[in-house]
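Numbering (my numbering), first residue to last: 4 to 390.
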Amino acid sequence: TTGHNIANKSTEGYSRQRVELQTAEPIGLGNQRIGMGSKTAAVTRTNNSYLEKQIGKEQSSLGYYNGKSDAMNRVEQVYNEQANKGLNTFVTDFFNSFREFANNPESLAGRTQVKETAEFLTADFKRVNNQLNEIRRDLDTQVSSNVDSVNQLTKEIAQLNDKIQLVTNQGGPGNDERDRRDLLIKQLGEKINIRWAEGEGGAVTVTAGNTAVLVAGSDAKTLEVRSTPGDGKKLEGSVSIFYKNNETSEPFDATKQFTGGAIGGLLDVRDNTITDLIDNVDKMAYSIATTVNEVHSRGFDAYNRQGNNFFDMPMEVRGASMGLKVNDAISRDPMRIAGARHANAPGDNTVANAIGQLQFEQVMPDKKTTVDEFYNSMVGEVGIQSR
4 TTGHNIANKS
14 TEGYSRQRVE
24 LQTAEPIGLG
34 NQRIGMGSKT
44 AAVTRTNNSY
54 LEKQIGKEQS
64 SLGYYNGKSD
74 AMNRVEQVYN
84 EQANKGLNTF
94 VTDFFNSFRE
104 FANNPESLAG
114 RTQVKETAEF
124 LTADFKRVNN
134 QLNEIRRDLD
144 TQVSSNVDSV
154 NQLTKEIAQL
164 NDKIQLVTNQ
174 GGPGNDERDR
184 RDLLIKQLGE
194 KINIRWAEGE
204 GGAVTVTAGN
214 TAVLVAGSDA
224 KTLEVRSTPG
234 DGKKLEGSVS
244 IFYKNNETSE
254 PFDATKQFTG
264 GAIGGLLDVR
274 DNTITDLIDN
284 VDKMAYSIAT
294 TVNEVHSRGF
304 DAYNRQGNNF
314 FDMPMEVRGA
324 SMGLKVNDAI
334 SRDPMRIAGA
344 RHANAPGDNT
354 VANAIGQLQF
364 EQVMPDKKTT
374 VDEFYNSMVG
384 EVGIQSR
């Protein structure tokens, strides 16, 4: 046993073993009883099952926060692109260009600057949306990879259950097999939220989430990854995790049960954080488009024409960050940009000034928040979740 302990001192998951001694049966010699010393009663592990379960819970929490942190670090980079110019910088540049245009409302250069900053802004809205969706698709790949690992771990745990039951039935302790199984259970907990209990004969039952029994005796159930339709939270084609109770039952979507481990962290970012961020970017794009168009359409362009929208109006809030674009007429001819409130009024900059001031007005859907405040709150929340 001592040699076994020394040989495995660096083996991950190994529990030091010790020999439990008991008094040997004395022998009789006439009227005398002669002691025979001690004998080996058992070889046991120096292992605390309560502590093992507590460590397992901590491993699951650690897996969750590591999975979430890695994903959030990528999300944070979305708002620091293009030579440290984030979306808020393009918003400011756009409204600044209107304020500068107001200083010289007859200038073609001023109108051209407005058109160009607007095109940069719409391009950056698309960039943010595309990159967030790209991260969401990458998280799907990571979820699938982690599910593969879960299936491999549960298969090996079930095999160890079989070995431990066999050794136990033969009167042995199965210490090395138990060490290996404990290690695999910890690794499984890093991937997904589980609970487990050991039954008679030494086999463990492992349940993931609320109802997904992954291991029972020598039987291991596999989780299945499927692409599913979008539901507002999940992008169309996003993966869901299905569980099948037995061979005759239909697999059911158990994704929402998996709230811990790396899988739980990845799903949280995918289905909550990124979905909320895309919704918020859409709200920003829609609010800017509607309020700018409302003011711009009342103004007159260089040809004394009124009623022209600055942006092609998104049909709805959802998807606005991808659909937002500068009106084709303005893209072709910046002189179609309205700066005046009245026709035939050289030097009239009323509309240009009004649009420039929209940056500081409470134009977001709640009518209590400016575009800047809304953006800063969104990015601040990303920073908090990334820590």
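Yeah, the Cβ is synthetic: ideal placement off N, Cα and C, and Gly gets one too. The structure displayed is predicted, hence computed values, not measured ones.
| query | What are the start and end residues of each continuous alpha helix (DSSP H) run of 4 or more residues lying completely inside the stretch 249 to 330, in chain order? | reply | 264 to 271, 277 to 299 and 323 to 326
| query | DSSP three-state call for D336: helix, strand or coil? | reply | coil
| request: Answer with buried or exposed for F97, where buried requires no fewer than 16 other C-beta atoms within 10 angstroms of its C-beta. | output: buried
| Beta-carbon proximity check, G302 vs A343, cutoff 8 angstroms | yes
| task | Could you tell me if L226 is buried or exposed, where buried requires 16 or more neighbouring beta carbons within 10 angstroms of its beta carbon? | result | buried
| Shortest alpha-carbon distance to G89 belongs to which of A112, Y68, Q134 and K60? | Q134
| Under three-state DSSP, which class holds V46? | Annotation note: pLDDT 48 at V46 (below 50); position unreliable, no value reported.
| In three-state DSSP terms, what is V366? | coil
| field | Where I138 falls: helix, strand or coil (DSSP) | value | helix
| query | Do you know how far the Cα of S147 is from the Cα of M269? | reply | Reading off the sequence shown, one finds Leu at residue 269, where the question assumed Met. In a straight line, the C-alpha of L269 is about 11 angstroms away from that of S147.
| task | Return yes when the Cβ of N132 is within less than 8 angstroms of the Cβ of S389, no when it is not. | result | no
| 8 angstroms contact criterion, which N154 and I266 should meet: CB distance rounded | About 12 angstroms separates the two Cβ atoms, so there is no contact after all.
| message | Check for me: the alpha helix (DSSP H) holding E384 runs from which residue to which? | response | V374 to S389
| task | Check whether the Cβ atoms of R102 and R273 sit closer than 8 angstroms, and answer yes or no. | result | no
| field | I387 versus M367: straight-line alpha-carbon distance, rounded | value | 23 angstroms
| task | Would you mind giving the Cβ-Cβ distance between K118 and S334, rounded to the nearest angstrom? I have them listed as a contact below 8 angstroms. | result | 7 angstroms
| request: Would you kindly work out how many angstroms separate the C-alpha atoms of F255 and K247, rounded to a whole number? | output: 6 angstroms
| said: My assumption, with CB atoms under 8 angstroms, is that V320 sits in contact with A121. Please give the rounded CB distance. | reply: Not a contact, Cβ separation roughly 20 angstroms.
| Beta carbon of K157, beta carbon of L191: below 8 angstroms? | Strictly speaking, residue 157 in this sequence is Thr, with Lys absent from that position. Yes, the Cβ-Cβ distance between T157 and L191 is below 8 angstroms.
| said: According to DSSP, is I167 part of a helix, a strand, or is it coil? | reply: helix
| message | Assuming Q197 is part of the beta strand (DSSP E), what are its boundary residues? | response | Note on identity: in this sequence residue 197 is Ile, with Gln being the wrong assignment. Start and end: I197 to E201.
| query | In or out: D369 buried (at least 16 other Cβ within 10 Å) or exposed? | reply | exposed
| K259 classed as buried or exposed, judged by whether at least 16 other C-beta atoms fall within 10 angstroms | exposed
| Does T171 get closer than 8 angstroms to chain B when you measure Cβ to Cβ? | Included in the structure is just one protein chain, with no chain B present.
| How big is the Cα-Cα spacing for I167 and A219? | 13 angstroms
| request: For the alpha helix (DSSP H) holding L217, just list the boundary residues, first then last. | output: Where L217 is concerned, there is no enclosing alpha helix (DSSP H), although the beta strand (DSSP E) it sits in stretches over A215 to A219.
| Pairwise C-alpha distance: S243 and R229 | 5 angstroms
| task | Assign T353 to one of three DSSP states: helix, strand, or coil. | result | helix
| request: Below 7 angstroms CB to CB, which residues in the same chain sit around A305 once its five sequence neighbours on both sides are set aside? | output: M338
| field | Beta-carbon spacing of V354, H299 below 8 angstroms | value | yes
| message | Within the continuous alpha helix (DSSP H) that includes N225, where are the two ends? | response | With the sequence shown as reference, residue 225 is identified as Thr, and Asn is not the correct amino acid for it. Neither: T225 is in no alpha helix (DSSP H) and is coded neither H nor E.
| Is P232 buried or exposed, if buried means 16 or more other CB atoms sit within 10 Å of its CB? | exposed
| query | Is T210 helix, strand or coil when you go by DSSP? | reply | strand
| field | For Y82, three-class secondary structure by DSSP | value | coil
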